[in-house]
Each structure stands twice: as C-alpha cells, then as structure tokens.
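Student:
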C-alpha cells in the first residue's frame, strides 16, 4: 500500500514538474538580435552622443517599445545601434548589413529597400498615419533681428538657405528648384548663419524649439517661424531583408507609435530635455 502511495506521489510530482516545464517553454521567447543605424550627426533633443552613450528622443521611442514588448512577453529584441553618415545607413540597408533605420520619413526611393507601417505611403494629410513614430518636420530659422516669418511661400525664405547634409528636406528643395547650401549638421548651419549675418537655416522642429529656448549659445540670437516649412510623419522602417517577420514588424511599429497617439506620454518624454 505504501509503495503504491509513493508511486502516486512521485507521479504527481513528475506531472507538476512536467507541466511547469511545458508552460515555461510556451511563454519563453526567442531573443532576436537586430542592428539599426542612426545618423551620426548630433541633433538635440533627438540624438546626442557622449562617449558612445546615445540619448535623445530617437532612442527613447524605440527603447520604450522594446522594453514594453519584452515585459508583456510578446517580443524579445536585442537592439544594437550603429552610428554612421545618413547616406551610408541606407547603403548598408541596401547591402543587407542592417535591419532598421532610426527615424526616417517615407519616400518612394526608400520603400524599395525598406518596409514601412501600413498607411505610410498614402497619407492624405501630414502626420495622419496612426502608426507614425513621431510627427516632425522642418522650420525656417533666422536671426532674431530678422523680421521674416514664413507664411507658406518657399521662394521668400531668406537666402542663402542652409540645410544639414543628407536630409530629405534637400530633396524637397530640389523639387522646388530652390538653391541651398549643405552644412555638416544643424549646429554648424546655425553657426554659419550667425557668422554671415544673413540667410536662414531649415532645421528640425524640435531642434529649433530647443535651440531658441534652451541652447545657451544660440537662444538669444535666433528665432524660428511658427509655420513649418515641411511637416511629416517619421518612422522606424525595417529592411526587407531583416530576419523580423511581417507580424513582428507590425507589432513593433504599433508599440512604437503609442506615444505619438498619447499626448501626455509624448509630453513626458519631451519634458526630460526641457531643463
């Protein structure tokens, strides 16, 4: 009788151990390692680089999404981010060396090598895609004593127009047949504006706001037009050659987009840099 009881006890223990093992494996996630590329030009508050430490809104959005998906046991991503000149990021995507671009607008040319969230290619108005990561764009930055205020006519923007090298706004200017000068980054463009005492800079909206309000070097010397020159959705497009499946891409994009559809959460992210 005791032997039967012992066998019964052992069978129960074995059953619960086996059940635990099965459940644990059912919930376990395979870690997926992906490599993303970010423009190596610093752009406060979007991307800052200090001794290989990357901070800024570009990284906050993707890191928050990855952390949330892992916590919910939906997707476990190990993200490695490389810094490179903007054009090289896309070249490496084309050559299959990378999985993702850190924050880029949609263009037909980019869609040849990158997958974008549904709706990115047919927005009826600016920033209408519910799966965008952020709504951003470019505004006209001028000297503080310049009375110019952009009203919508690009031909009236003070010349010379300076833009950061490699950014898509230059393609837009080319389409409008408007001449411009390339600068290494936005800070260099503003420094040229201050040095020369004329013209303008087409700068990122967040960059313009933070430069005017918080940059000790620039804030008393420049201003920006309230009407954007260009307003568009930005995404974390993923290589068509990436190991991520279509469903995994959609899940990641949906999670990344949550702050853009939650003003309180996005404001909380921005507030970190308003100090």
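Residue numbers (my numbering): 2 to 276. All C-beta atoms, glycine included, are put in the ideal place defined by N, C-alpha and C.
(1) For the 8 Å Cβ check, are there 3 or more pairs between the stretch 38-46 and the stretch 178-193?
(2) Going by CA-CA distance only, name the one from 163, 64, 195 and 134 that's closest to residue 147.
(3) Do residue 54 and residue 104 have their beta-carbon atoms positioned less than 8 Å apart in this structure?
(4) Spatial neighbours of residue 1 within its chain, please: C-beta separation below 6 Å, excluding the five flanking residues on both sides.
(5) So what's residue 241 in DSSP terms, helix, strand or just coil?
(6) Would you mind stating whether residue 237 and residue 101 have Cβ atoms separated by less than 8 Å?
(7) Is DSSP giving residue 139 helix, strand or coil here?
(8) Would you list the one or two residues that DSSP bridges to residue 40?
(9) Can you list the beta strand (DSSP E) stretches of 3 or more residues lying completely in the stretch 32-79, in chain order?
(10) In the structure shown, what three-state DSSP assignment does residue 116 receive?
(11) Just how far apart, CA to CA, sit residue 260 and residue 111?
(12) Note down, in chain order, each residue of its chain lying with its Cβ closer than 7 Å to the Cβ of residue 248, except the 5 sequence neighbours on either side.
(13) Give the single residue among 83, 228, 96 and 165 whose Cα lies nearest to the Cα of residue 151.
(14) By Cβ distance, which residues of its chain are closer than 8 Å to residue 95, with the 5 residues on each side in sequence left out?
Tutor: Reading off the structure:
(1) Yes, they touch.
(2) 195
(3) no
(4) The question about residue 1 has no answer, for the chain in this structure spans 2 to 276.
(5) In this structure, residue 241 counts as coil in the three-state DSSP scheme.
(6) yes
(7) In the three-state scheme derived from DSSP, where H, G and I count as helix and E and B as strand, residue 139 is classed as strand.
(8) 85
(9) 32-40, 49-51 and 54-56
(10) Correct three-state label for residue 116: strand.
(11) One C-alpha to the other measures close to 24 Å.
(12) none
(13) 228
(14) 114
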